[in-house]
Each structure stands twice: as C-alpha cells, then as structure tokens.
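*Asks:* I'd like to ask some things about the structure below.
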Amino acid sequence: MNAQADADPETMRISIDTKATVNVGEYSRGGRSRGLEAVKALDHDMCPKEKLVPGGILEAVTGKAFLFFGTSYKTSDFIVDGLLLWWEARKQELCGLKQLVINADNGPECSGRRTQFLLRLTEFADMTGLYVRIIYYPPYHSKYNAIERYWAGLEKSWNGYLLDTVETVLKRAGNFFWKGMQAVTKLLDVPYKKGVKVCGNEKNQPLSNDCSGRQFCAGGI
Numbered sequence: 068m069n070a071q072a073d074a075d076p077e078t079m080r081i082s083i084d085t086k087a088t089v090n091v092g093e094y095s096r097g098g099r100s101r102g103l104e105a106v107k108a109l110d111h112d113m114c115p116k117e118k119l120v121p122g123g124i125l126e127a128v129t130g131k132a133f134l135f136f137g138t139s140y141k142t143s144d145f146i147v148d149g150l151l152l153w154w155e156a157r158k159q160e161l162c163g164l165k166q167l168v169i170n171a172d173n174g175p176e177c178s179g180r181r182t183q184f185l186l187r188l189t190e191f192a193d194m195t196g197l198y199v200r201i202i203y204y205p206p207y208h209s210k211y212n213a214i215e216r217y218w219a220g221l222e223k224s225w226n227g228y229l230l231d232t233v234e235t236v237l238k239r240a241g242n243f244f245w246k247g248m249q250a251v252t253k254l255l256d257v258p259y260k261k262g263v264k265v266c267g268n269e270k271n272q273p274l275s276n277d278c279s280g281r282q283f284c285a286g287g288i
C-alpha cells in the first residue's frame, strides 16, 4: 500500500508521530559536542519549569519534515492540529493532491479506536476535500514508521546542546537536515485536555448538513 501511494502522483504519503517530552533547561541529554571544553550541564532534572511535546510529520518520499511543539499534553487534538498546521503550510504546493495516506503506529493518541482522533480526521477530510487513508503498523513494529528514524537522527543532532529555552529547542530542531531537507518548526501553544472522546449518539451524528463528500478510511499494513 505504501508503494502504491508513492507511485501515485495524486497521492501524498506522510508519517506522523509524537516524541518523548523534552524538558527545557540546562540538562544533560547524554550527547556529544565538539569544542575545547565540555558543555557544562545539570546531571538530572529537578522539577523542570518548562516542557515541550514534540510532534512531527515526515513526507515519506522527499524527507521533508514539519515539526510542531506543544506546551500542553500529547493528545489526539494535538496531533490533528499539527496536521492542520502542516496542510496550511503546504496546500498551495500540493494543490493537485487528491489522497493523503498517513502512516501511524496505532499509539494511544492516534489509535483506530480513538474516537476523537477519527472525528478530527474526518473533519480534516471534509475541510480539505482529500481522501484520507490511515495505515497502521502492527504492534511492536513502530520502528518501521519512517518518522521514528527521523526522531533518532534529531536526538543525535541536538543532544550535544543545552536545550535551555523554547527558542533554542525550535532553532535546533529547525537546523536539523534529513535527506538534505531542512525541517520547518512551529510552536503550538494550546492547552489540551486528556480523555476527550466521542460518546453514545454523537458517533452517529453528521458533522454538517451535507457530509456526502466525507472520505476517510483506516487500515493496517
């Protein structure tokens, strides 16, 4: 299914996922840097004042990355809001796109059973007019999701620096190149609530007066 998507000029395949929360401060991250002296850092993090939740979208064929950093919780709404930011940044260049294939790892925030995630993706499909297909990797196989390799490269790149401010995190992430492509970074400073879900009869209610154009499906590899 991935190969078919990559061969179709009217289809874009993206890999989407979140990453472990980053504690903002002068903390050691176990990395290495070049210099006459070692970077001085705190050996452990005692109640960090600021934290950032990284989310990312990797365009599978080109390697172009769009990173969004949240100041709240890792939720379905956070992921889809990041997807909306990506689309706003890319829609002019992708004006001929008809289908979006999303590779995901079936984690708790983007599970095929997470009603809020499916609702938000359906709204995204209605808004953009795209046929949206989400393809999940099997349990314990998330390492094959392309963005996981991107996260590993980013960790190796920025671990030698002190991520002591939000601006530094965004700058270091934006300075990372993958397959010769520089990442785009955005701050998503929105408070998110955990546990939001669609309940009962809400699941059967249409989103608008005319939802005949809704195009969304989920499957597995």
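Numbering (this note's numbering) for the sequence shown: 68 to 288.
By construction, the Cβ of each residue, glycine as well, lies at the ideal position given by its N, Cα and C atoms.
Please read these numbers as outputs of a predicted model, since none were measured by experiment.
1) Taking only three categories from DSSP, how would you classify N90?
2) Could you tell me if G137 is buried or exposed, where buried requires 16 or more neighbouring beta carbons within 10 angstroms of its beta carbon?
3) Could you say which of E155, L125, Q166, R157 lies nearest to W218 if we only look at CA atoms?
4) Which stretch, first to last residue, makes up the beta strand (DSSP E) that contains G305?
5) Assuming K264 contacts G130 under a Cβ cut-off of 8 angstroms, what Cβ separation, rounded to an integer in Å, is found between them?
6) Please go through the region 171-226 and give each complete beta strand (DSSP E) segment of 3 or more residues, from N-terminal end onward.
7) Buried or exposed for N173, please, with buried defined as at least 16 other CB atoms from any protein chain shown within 10 angstroms of its CB.
8) For S224, which residues in the same chain have their Cβ closer than 6 angstroms to its Cβ, ignoring the five residues on either side in sequence?
9) Closest by CA to R216, which one among T189, Q71, S82, M68?
10) Quick check: the Cα distance between C177 and K261, rounded to an integer number of angstroms?
11) Just the C-alpha distance for R181 and E104, rounded to the nearest angstrom, thanks.
12) In this structure, how does DSSP classify T235 when only helix, strand and coil are distinguished?
*Replies:* Here's the rundown:
1) strand
2) buried
3) Nearest option by C-alpha distance: L125.
4) No answer is possible for residue 305: the residues shown for the chain start at 68 and end at 288.
5) In fact, because the Cβ distance is near 34 angstroms, the residues do not count as touching under 8 angstroms.
6) 198-203
7) With 16 or more other Cβ atoms within 10 Å, it is buried.
8) F243
9) S82
10) 13 angstroms
11) C-alpha separation (whole angstroms): 49 angstroms.
12) helix
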